[in-house]
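Residue numbers (our numbering): 1 to 476.
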């Protein structure tokens with residue numbers, strides 16, 4: 001935007017330069033489609049006000065962040081620094097609640113006005129004259145904006161709790177279920193029997209990859225609904241990653257316990273028509289099996305501090321179940337020490353659980369002898385493996401950073417959902433409130449899935465220096 005030239009106006013005390021205003025517009029949601037008209041409408045009203053009152057607007061700043069929590073608006077923070085540096089003299093914004101809905105940033109604005117850093121504030125929807133009475137009224141407006149935001153959050157949470165007590169929840173329905181359009185209660189859908197078969201397969205000893213492949217073969221999916229966030233229907237599948245399966249296997253909802261926001265309700269007691277997918281006993285068996293498998297993995301990966309280094313950890317897999325085998329030291333009757341591998345999976349059908357490491361090494365030596373490596377070959381292989389180690393380590397670190405950033409973004413979104421009501425007004429329809437409830441539940445589910453994904457990445461991250469040392473010893 002081209003700014004007006006800064007002229008001067010004559011007063012009784014002489015000529016004074018016109019103040020330079022920065023136009024600040026803010027909407028609460030980071031979603032591109034949400035409150036789409038809010039920013040243009042604010043800017044239009046502010047520019048019309050500036051034209052009418054002869055204000056010089058030298059810059060226009062737009063931001064899509066909630067003002068409920070301080071320190072989360074980079075453009076707002078940069079604007080305050082520019083005001084302190086003298087780049088702007090005053091702020092033009094649609095209403096005081098565009099500047100702050102929290103005590104800290106509201107106090108910063110008032111303090112900068114008191115100290116003359118901000119020489120003037122202009123609002124099309126609020127009259128401010130930069131005197132003691134106007135500053136008192138501004139403080140009251142900021143406090144009312146904060147109270148309204150907090151009251152709205154409490155009201156939304158009260159609605160969520162009320163729905164939960166009735167056996168209802170927001171967000172995407174659980175896999176294998178849908179919500180009745182009239183009552184809002186859960187009922188089986190077309191995926192029910194196939195998802196149920198996945199539980200049976202897990203109890204029957206099938207791997208999680210087998211279950212995912214089974215669901216993929218049966219095209220287990222659902223279509224999203226058209227709403228403010230999703231403009232077009234899209235297909236969501238249940239077999240994209242093992243983490244989704246882990247979430248399903250560990251969810252007590254499938255035997256009748258609905259958990260939301262740290263609270264739970266027994267659907268079997270309040271909804272006589274609710275159809276659990278599994279029994280409580282089956283759920284207990286599944287969790288016991290998952291705990292045992294986690295112990296197997298952790299035992300094969302993590303060595304206790306102070307103990308002698310034992311090689312071949314997470315290098316040998318069981319040929320029956322596919323899990324990594326334990327590696328440990330032992331002593332023969334003659335006192336000779338040796339290494340052995342053992343499959344620790346209690347569900348594995350392997351008859352001989354223990355295998356001496358010498359058996360594996362003999363096969364390895366035989367293969368190596370047949371290859372006739374030269375020094376040049378070994379150097380080439382070592383360089384290739386070193387490059388792979390570095391690339392893989394960097395990929396894992398980048399993937400973890402990406403997931404952490406996604407978790408932070410989802411948590412910010414979760415904090416700001418209640419704020420979405422503010423721009424709708426006090427008389428928002430019930431459908432809008434229900435939409436917020438659904439989005440809250442969707443955020444919780446997304447955060448849980450991302451945290452599981454991050455844990456899986458952490459389990460794969462290794463120390464590249466230690467791996468290179470092992471590689472040097474192996475090639476020597």
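Where a beta carbon is used, it is the ideal one built from N, C-alpha and C, also for glycine.
Whether residue 82 touches residue 19 by CB criterion (7 Å): No, Cβ-Cβ distance for residue 82 and residue 19 is not below 7 Å.
8 Å contact criterion, which residue 283 and residue 252 should meet: CB distance rounded: Contact flag correct, Cβ pair sits at about 6 Å.
Element boundaries [alpha helix (DSSP H), containing residue 107]: Per DSSP, the unbroken alpha helix (DSSP H) holding residue 107 starts and ends at 103-114.
Buried versus exposed call for residue 118 [16 or more other C-beta atoms within 10 Å across all chains shown]: Classification for residue 118: buried.
Beta-bridge pairing of residue 24 - partner residues as DSSP gives them: Residue 24 pairs with 61.
Alpha carbon of residue 72 to alpha carbon of residue 379, nearest angstrom: The alpha-carbon atoms of residue 72 and residue 379 are separated by roughly 51 Å.
Residue of 65, 38, 94, 336 minimising C-alpha distance to residue 21: Among 65, 38, 94, 336, the Cα nearest to that of residue 21 belongs to 94.
With 16 other Cβ atoms within 10 Å as the buried cut-off, status of residue 287: Label assigned to residue 287: exposed.
Whether residue 410 touches residue 447 by CB criterion (7 Å): Yes.
Short Cβ contact (7 Å threshold) for residue 60 with residue 23: For the pair residue 60 and residue 23, the CB atoms are nearer than the 7 Å cut-off.
Opening and closing residue of the alpha helix (DSSP H) in which residue 43 lies: Per DSSP, residue 43 belongs to the alpha helix (DSSP H) from 38-53.
Element boundaries [alpha helix (DSSP H), containing residue 76]: Element bounds for residue 76: 74-84.
Selection from 198, 371, 205, 351 that minimises the alpha carbon distance to residue 214: Closest by alpha carbon: 198.
Proximity test, Cβ basis, 7 Å: residue 336 and chain B: The structure shown has no chain B; it contains just one protein chain.
Residue 204 burial status per 10 Å Cβ neighbour count (16 or more: buried): Exposed is the call here.
Neighbourhood of residue 357 by C-beta distance below 8 Å, restricted to the same chain and skipping five residues each side: The residues are 312, 327, 338, 339, 340, 341.
Alpha-carbon to alpha-carbon, residue 187 and residue 254: Computed Cα separation, rounded: 12 Å.
Same chain, Cβ closer than 6 Å to residue 180, five either side skipped, listed in chain order: The residues 187, in chain order, have a CB closer than 6 Å to that of residue 180 in the same chain once the five nearest residues on each side in sequence are set aside.
DSSP bridge partner residues for residue 310 (one or two, in chain order): DSSP lists no partner for residue 310.
CB contact flag (residue 26, residue 101, <7 Å): No; because the gap between Cβ atoms is not below 7 Å, this pair is not in contact.
Candidates 332, 345, 86, of which the one nearest residue 319 by Cα: Ranking the options by Cα distance to residue 319, first place goes to 345.
Residue of 271, 401, 206 minimising C-alpha distance to residue 461: Comparing Cα-Cα distances from residue 461 to each of 271, 401, 206, the minimum goes to 401.
Paired residues, beta bridge with residue 209 - DSSP: Answer is none; residue 209 lacks a bridge partner.
Per DSSP, the bridge partner or partners of residue 92: Beta bridge pairing from DSSP links residue 92 with 23, 122.
6 Å Cβ shell around residue 192 - same chain, five flanking residues per side excluded: Cβ within range, chain order: 176.
Classification of residue 413 by the beta-carbon crowding that lies within 10 angstroms, buried from 16 upward: Burial call: buried.
Classification of residue 75 by the beta-carbon crowding that lies within 10 angstroms, buried from 16 upward: Residue 75 is exposed by the Cβ-count criterion.
Secondary structure of residue 258, DSSP reduced to three states: Reduced to three states, the DSSP call for residue 258 is strand.
N- and C-terminal bounds of the beta strand (DSSP E) containing residue 223: Counting along the chain, the beta strand (DSSP E) containing residue 223 begins and ends at 221-223.
Three-state class that DSSP yields for residue 274 in the structure shown: Here residue 274 sits in coil by DSSP.
Secondary structure of residue 236, DSSP reduced to three states: Three-state DSSP puts residue 236 in a strand.
Assigned secondary structure, residue 394 (DSSP; H/G/I helix, E/B strand, else coil): The DSSP-derived three-state label of residue 394 is helix.
Helix, strand or coil at residue 329 according to DSSP, with G and I counted as helix: Assigned with DSSP and collapsed to three states, residue 329 falls in strand.
For residue 188, the three-state DSSP class (helix, strand or coil): The three-state secondary structure of residue 188, taken from DSSP, is strand.
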